[in-house]
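Sequence order for the protein chains is A and B.
With the numbering used here, the residue at position 239 of the first sequence is 239, and numbering never jumps.
With the numbering used here, the residue at position 543 of the second sequence is 875, and numbering never jumps.
To start, the structure itself, in structure tokens.
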Amino acid sequence: MRTTSVDKPKAIHSPEEPTRNTGIPLDTGWLKQVQVNKSAVERRVATLIARRTVKKQWQAAWLLKAVSCIDLTTLAGDDTPGKIHRLCAKARHPIRGDLLEALGVADLGISVGAVCVYPTMVPHAVRALEGSGIPVASVATAFPTGLSPMKLRLEEIRCAVGEGAAEIDIVITRQHVLTGDWQALYDEVASFREACGEAHLKAILATAELATLRNIQRASLVAMMAGADFIKTSTGKEAENATLPVSLTMVRAIREYRERTGRNVGFKPAGGIRTAKDAMAWLILMKEELGRDWLEPELFRFGASTLLTDIERQLEHHVTGRYSAAYRHPMG
Amino acid sequence: MSSVREIFETMEYGPAPESADLALGWLEEHRHTFHPFINGEFPRFMDESYFESVDPRNGQSIARIVQCGDMEVNAAVAAAKAAFASWSALPGHERARYLYALARQIQKHSRLFAVLESLDNGKPIRESRDIDIPLVARHFYHHAGWAQLRNETFIGYEPIGVCGQIIPWNFPLLMLAWKIAPALAAGNTVVLKPAEYTSLTALLFAEVLQQISLPPGVVNIVTGDGRTGELIVRHRDVQKIAFTGSTEVGRIIRRETAGTGKKLSLELGGKSPFIVFEDADLDAAVEGVVDAIWFNQGQVCCAGSRLLLQESVAAKMLAKLRHRMENLRIGDPLDKGIDVGAIVAPVQLQRIRRLVEQGRAEGATCWQPSWALPQEGLFYPPTLFTDVEPASTLAQVEIFGPVLVTMTFRTPNEAVELANNTTYGLAASLWTENINLALDIAPKLRSGVVWVNSTNLFDAASGFGGYRESGFGREGGNEGMYEYLVPNWERFLPAYEKTEIVLSPQPLANSQHNAGGEPLIDRSPKLYIGAKQTRPDGGYSFSVENADGSYVSEAGLGNRKDIRNAVEAAHKAESWSRATAHLRAQILYYLAENLSVRAAEFSDRLILLTGADAGEAYREVAKSIERLFYYAAWTDKYDGYVHQTPFRNVTLAMPEPWGVMGVVCPAERPLLALVSLIAPAIALGNRVVVNPSWRFPLLATDLYQVLDTSDVPSGVVNIVTGHSDELAKVLAQHDDVAALWYIGSAKGGAMVERESAGNLKATWINHGKRRNWLDDHQAQGWEYLRHAVQIKNIWVPYGE
């Protein structure tokens, strides 16, 4: 005899279309109240992933959801149009058709959340994705360090948007955080946001270079106050990539921002997320801390390049019962 | 069954059952019938009766277990007694090997233990898998180390003998480990009784004992309800009782064991505060609350069940908490994605319901999440009460369920007052990002454990146990080992001669004239309360005689009101407990100095009163002065520890004075015994109410002037002369006296232990055994220092 566990009734799912974060004036009083206890954050993430697990068809569904939230990324010095074409082809068909059939979701048109590239690769990506509805995201503002003159960084955004990028992943100037110059950080992100126009802005905090979780939470809040649509952990080029403690800290900032302003801001962990198991941990984090709404590409993305392959293998295992191999899945 | 497509939309978790097959197979193998483990076997007895063990998920019986009676308990104790000689004589290394083997076996079979625990108890598999069982293994590893190191670490101590251990149902195997590991490490043998709701993991553990070939009789496990426990508590051949359970039963055991010579440790109930200051990380504190009160369905003795919120953040914190409660998942304990499992038994569930109803009736506001409970099984939802006042039943009574009550405070001082406004004192949790505040508040909380920015952290290296009516004794760490050891000098102490015990003053009869017939100048000493010489409340005196029976003087006959006044004076001297150790040491040295100035006078008094010869009297005075030096020396060196708990934090084991202590002194060596007892107590920061030798009070009253001239602050030492056992009884019954030392007759000692059950004060008695106060080995040292303090463990995680 087994009682079934009771799932909480569906999260309070707001029916109206999510409206874009327009930002609010810089509130330094709020920043002063920020308290982050590192040990408690670490305990929470350690138990969070032990408290929840998803099995069988639930696992398959969650993995498919993870796929739909991937910003399929290539940000390498040796990127070429050919490489971009291959990636975009994968973005359109991230999972083998026979597996989608077997899972009963072939007609859902599951694709990745976006393709993320350097600015000069944007035109190639835009062409390759034409008609797919998949947005092209471009890094900009002197990625990954951000250390070039402001007018060049703004011009880089305008350029990428002009080439058809629908999303711009900007990097912040870490100096502003490390010196506590919140006004400068606010002005910087607000300028970037203005330059983006209709394109959505993802603010990369490069958390590994911000020293403390408190700084990370403050920087998250300032980026949101300045109108960021997403906040993102890392460029993938820092010494440490996305971690769960950092993500929890940022996600709680998003929650607090929503509570105070009513605006939803998205979250994008990036770098180092390579396995299906990692992906599940982040999905659980989002569902537990922010709720069901943050399990959609509108509010959640993985910045990843190799994650998809591992998810494909897990899905094939779910379908066949046999452990899969990477070479069985078309590369991107 | 939901399809992938549907789940892709709902993004629900779905079931994630842990297989119970192996555990059910184990039950099946035993035909769901279990017998006690005695002398290395599972023997059958005549006329066995059985009780049922129930799966709390559905109320169905999963096992029938023998209700052990006289025969079983006698056999178990006899086996433990027989095994003691050889087990205690084993080299530490060999005992260490057994404990190490236990740790390894538990790790190897960890999932079976975890599943069986959740089946039997109803706790979520995540908890039994990730918390209970790993802590069990850790406890045996840690204590394998103590077994190895016992002789060199606990010099002058030896094992006690047969330990009777009675454990609760909330952490069945973990409590077993907390009891058995230190007992075996110290060299004792054990008769353990698991709670009747949750015997199964103890019985599986018994099989592990067979696997590692632990010598028969070293550990015996008898099953049954409170009746079986009572047989253990009353058994003549049991030398130590360790009990974890309710305060009510703790009191019964205290009375039951009074005067039997059984060593006792009690880990009882709690109503622990969870204090959130305005500068806390509130999101962290919310998770803390989850771990505090919804861990193990709130069936945790140290559960943070009173949420104290600073007013400025109360509304925000409560909003976050309600939101978090909506996300808790309750259900099948064997589902891996469950936060809250089932309540252990119907009677517990009824108790929770009744108390919640009472809370509502008293006007408190009850809030529960919107989701529905499972249809079947013993479940109770996480519950939050606001509009609760300290006077509410819910704020005072231990509910032992997933029910949290909230109160607010304005200032840190008010937080401390609310936190301490309880008869319990097990644990406390405090949340602030201000280290100054944290380290200011932690010592002010009257509880055995304080968790800073954390909660419900446990480890074998850190002592766990309560203040006040949460019991006494510690489990874990080196402080826990002392609960299973006794000083090696105790065994050899002789009993008092009968004549020594009946020594009592004569009623007022003698002439108050000197030999020449001339009236004496009256210098009848009064009592010494709050540094003032006070006439006894009752207006009676008693006469004091010389060794030859002739009249010397009168002394004030103290009564219960004098004790009351002395206790009040001692409470007012609270600053002594906070004074620096250096200052206290200086005052003890000063006392020694002033006593030495008057050494001749005290010697003469001793000669006159006790009939001692000059040499003997001189030795007593000289030894008294030395002893003051001895404890002055210890004052700033009795340090405490930083325990090595296995994660990033500092665990401070701080020795804290009891506060107000009673000290009842024996007839013999009236000056030296008095000094030997008072000095360690005040050295470590206690304020004392002393009843000096009933027969020879003048040695104490002569000290008044020494105390006055040595800068001993008012109220630190209060002296009430009079009938020792009468005054000891008043002290034992006094709820505002935290500890009581009684050195006197066996009968008086038994009375003290029995009467102390009211507030469960810690007592230290001599069981009618005579100490040689001139022998340093038995009249001073670690045992005296240890009994003058209780250990508070403060956990301070760090990291920015």
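Glycine included, C-beta positions come from ideal geometry on N, C-alpha and C.
query                                                                                                                                                                                : result
Once DSSP output is grouped into helix, strand and coil, what is the label at Gly630(B)?                                                                                             : helix
Alpha carbon to alpha carbon, what distance is there between Ile1126(B) and Phe790(B)?                                                                                               : 11 Å
Alpha helix (DSSP H) containing Trp62(A): first to last residue?                                                                                                                     : Lys56 to Ser68
Return no unless some Cβ of chain B is closer than 7 Å to the Cβ of Lys55(A).                                                                                                        : yes
Quick check on DSSP: helix, strand or coil for Gln314(A)?                                                                                                                            : helix
Would you check if the distance between the CB atom of Gly805(B) and the CB atom of Ala793(B) is smaller than 7 Å?                                                                   : no
Going by DSSP, which residues form a beta bridge with Gly266(A)?                                                                                                                     : Phe230(A)
Which term fits Arg252(A), buried or exposed, when burial requires 16 or more other beta carbons within 10 angstroms of its beta carbon?                                             : buried
What residues are listed by DSSP as bridge partners for Val1021(B)?                                                                                                                  : Gly994(B) and Asn1050(B)
Between Arg51(A), Pro25(A), Lys38(A) and Gly23(A), which has its C-alpha nearest Phe627(B)'s C-alpha?                                                                                : Arg51(A)
If I'm right that Lys1124(B) touches Glu988(B) with Cβ under 8 Å, what's the distance once you round it to whole angstroms?                                                          : 5 Å
Answer with buried or exposed for Glu316(A), where buried requires no fewer than 16 other C-beta atoms within 10 angstroms of its C-beta.                                            : buried
Roughly how many angstroms lie between the CA atoms of Leu290(B) and Ala1015(B), to the nearest whole one?                                                                           : Past the boundaries of the shown model lies residue 290(B); chain B is included only from 333 to 1132, so the question cannot be answered.
Under a CB-based cut-off of 7 Å, is Ile339(B) close to chain A?                                                                                                                      : yes
Spell out a yes or no on whether the stretch 435-442 of chain B and the stretch 572-581 of chain B are touching, meaning 3 or more CB-CB pairs, one atom from each, closer than 8 Å. : no
Relative to the C-alpha of Glu528(B), which candidate in Val729(B), Arg396(B) and Glu708(B) has its C-alpha closest?                                                                 : Arg396(B)
For the beta strand (DSSP E) holding Tyr973(B), just list the boundary residues, first then last.                                                                                    : Tyr973 to His975
Below 8 Å, can you find three or more Cβ-Cβ pairs linking the stretch 108-128 of chain A to the stretch 138-146 of chain A?                                                          : yes
Could you give the C-beta distance for Gly602(B) and Ala759(B), rounded to a whole number, given that I count them as a contact under 8 Å?                                           : 6 Å
Let me confirm a value: Met657(B) is counted as buried when at least 16 other C-beta atoms fall within 10 Å, else exposed. Which label applies?                                      : buried
Determine the closest residue to Trp1096(B) out of Arg586(B), Ser420(B), Gly519(B) and Asp569(B), with distance taken between C-alpha atoms.                                         : Arg586(B)
Along the stretch 448-478 of chain B, where does the CB come closer than 7 Å to a CB of chain A? Name the residues.                                                                  : Arg458 and Asp462
Below 7 Å on C-beta distance, what does Asn37(A) contact in chain B?                                                                                                                 : Asp613, Ala616, Glu765 and Asn785
In the DSSP assignment, find the alpha helix (DSSP H) that holds His176(A) and state where it starts and stops.                                                                      : Arg174 to Leu178
Between Val336(B) and chain A, is the shortest Cβ-Cβ distance under 7 Å, so that the two count as touching?                                                                          : yes
For the ligand SAH, any of its heavy atoms closer than 6 Å to the Cβ of Glu289(A)?                                                                                                   : This structure does not include the ligand SAH; it has no bound ligands of any sort.
Output yes if chain A places a C-beta closer than 7 Å to the C-beta of Ala1078(B); else output no.                                                                                   : no
Which chain B residues are close to Gly321(A), counting only those with a beta carbon under 9 Å from its beta carbon?                                                                : Here the premise fails: no neighbours, minimum Cβ distance about 15 Å.
Using Cβ-Cβ distances below 9 Å, what residues of the stretch 176-190 of chain A are close to chain B?                                                                               : none
To which residues does DSSP link Thr715(B) through a beta bridge?                                                                                                                    : Val735(B)
Ordered along the chain, which non-local residues of its own chain (more than five positions away) have a Cβ less than 7 Å from that of Leu889(B)?                                   : Pro868, Gly870, Tyr872, Ser873, Phe874 and Gly1054
Just checking: is the beta-carbon of Glu360(B) within a distance shorter than 7 Å of some beta-carbon in chain A?                                                                    : no
Check whether chain B comes within 7 Å of Gly104(A), counting only Cβ atoms and requiring the distance to be less than that.                                                         : yes
Could you give the distance in angstroms between the alpha-carbon of Val41(A) and the alpha-carbon of Thr560(B)?                                                                     : 45 Å
In angstroms with no decimal places, state the Cα-to-Cα distance between Asn1091(B) and Asn264(A).                                                                                   : 55 Å
Using the Cα positions of Val621(B) and Leu505(B), report the straight-line distance between them to the nearest angstrom.                                                           : 25 Å
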